[in-house]
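S.K.: Residue numbers (the working numbering): 1 to 204.
One structure, as C-alpha cells, below. Some questions next.
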C-alpha cells in the first residue's frame, strides 16, 4: 500500500531509512467507517480525554442521537440529554456549531474528499473547536492524503528529536526543514516519527 512512499523516503533521508528498518512496514490505514461528519464529531469528543473515557462518552452521544451521528439529530437533541451523556458544555457547543455549519453547507462535510488539502483545512477550521491539527488528522486518517506534515504535533516533534538526535525539541520550522526531503510522502514520514517513540532508548 505504501511501497512507493517507503522507497522514496528510504532514498531521500538516511536517518528515516534507519527508522523504517527498525519500525518495519507502515501500517497507516485511513478510517472508512461512518461519514466524514462523524469522523470530525468524534475528533471533537476525543479531544483531551483518554481513549477509554472518550469512547464511552461518544457511544452515549450517538445513542442520544438515536444511534446515528449526523447533523440533524445533533442539532435537535435536547442539551440536557447530551450533557447527561458526558459532554462538557464547551464540547457541546463545538458539536452544535459543527452541526449548524454542516446543515448550512458552510463546510460541506461529505464533499471534503473532493477538495484539495488546503481547502479542507480552510473549511474545517471554521468550526469552533477544530484547529489546523484536527484538520490535518482528518486529512491523514480519514482521507488518506499522502503529503501532510503536522508540524505542531508534539509526538512528531519528539520523534524528530529522537530520530535525528537533536539536543532540543525542534520547533515547527525546524521540523518543516528536516521533513522537506520526505515530500510528497510526508504523511508516511510523520507516521514513522510517531512510531520511533515506541522504539525506546535503543533508537537513539
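We treat Cβ as the ideally placed atom computed from N, Cα and C, and that holds for glycine.
The structure presented is a predicted model; accordingly, all values stated were derived computationally and were not measured.
(1) Just to confirm my understanding: we take residue 151, look at its own chain, exclude 5 residues before and 5 after, and list those with CB closer than 7 Å. What are they?
(2) Between residue 19 and the rest of its own chain, which residues show a CB-CB distance below 7 Å, the 5 nearest in sequence each way excluded?
(3) Residue 14 by DSSP, collapsed to three states: which one?
(4) Report the option in 188, 57, 154 whose CA atom is closest to the CA atom of residue 139.
(5) When burial is assigned at 16 or more other CB atoms within 10 Å of the CB, is residue 159 buried or exposed?
(6) Quick test of your reading: residue 58 and residue 40, contact by CB under 8 Å. State the CB separation rounded to the nearest angstrom.
(7) Would the beta-carbon of residue 155 fall within 8 Å of that of residue 182?
(8) Since I believe residue 64 is in contact with residue 82 (beta carbons under 8 Å), could you give me their beta-carbon distance rounded to a whole number of angstroms?
(9) Determine, using beta-carbon pairs with one atom in the region 132-149 and one in the region 98-105, whether at least three such pairs fall under 8 Å.
(10) Going by alpha carbons, who is nearest to residue 116 out of 167, 90, 148, 127?
(11) Would you identify the three-state DSSP class for residue 204, choosing helix, strand or coil?
(12) If we ignore side chains and look at the alpha-carbon of each, how far apart do residue 235 and residue 198 end up?
(13) Do residue 122 and residue 112 come within 8 Å of each other at the CB atom, strictly closer than that value?
(14) What are the start and end residues of each continuous beta strand (DSSP E) run of 3 or more residues lying completely inside the region 112-144, in chain order?
(15) Starting from the Cα of residue 21, find the closest Cα among 29, 80, 9, 55 and give me that residue.
(16) Put residue 63 into one of helix, strand or coil per three-state DSSP.
(17) Buried or exposed for residue 4, please, with buried defined as at least 16 other CB atoms from any protein chain shown within 10 angstroms of its CB.
(18) Is it right to say residue 14 is buried, meaning 16 or more other beta carbons lie within 10 angstroms of its own, or is it exposed?
(19) Using 8 Å as the threshold, is the C-beta distance between residue 146 and residue 94 below it?
(20) Note down, in chain order, each residue of its chain lying with its Cβ closer than 6 Å to the Cβ of residue 28, except the 5 sequence neighbours on either side.
M.R.: Once the coordinates are examined:
(1) 172, 175, 176
(2) 163, 192, 196
(3) helix
(4) 188
(5) buried
(6) Contact flag wrong, Cβ pair sits at about 12 Å.
(7) no
(8) 6 Å
(9) no
(10) 148
(11) Bear in mind that a pLDDT of 42 at residue 204, under 50, signals an unreliable position, so the model cannot answer this.
(12) The chain is shown only over 1 to 204; residue 235 falls outside these bounds and no answer can be derived.
(13) No; because the gap between Cβ atoms is not below 8 Å, this pair is not in contact.
(14) none
(15) 9
(16) helix
(17) The residue in question, residue 4, is exposed, as its Cβ has fewer than 16 Cβ neighbours within 10 Å.
(18) Exposed, by the Cβ-count rule.
(19) no
(20) Shown here for residue 28: same chain residues with a beta carbon closer than 6 Å to its own, the five before and five after excluded, namely 191 in chain order.
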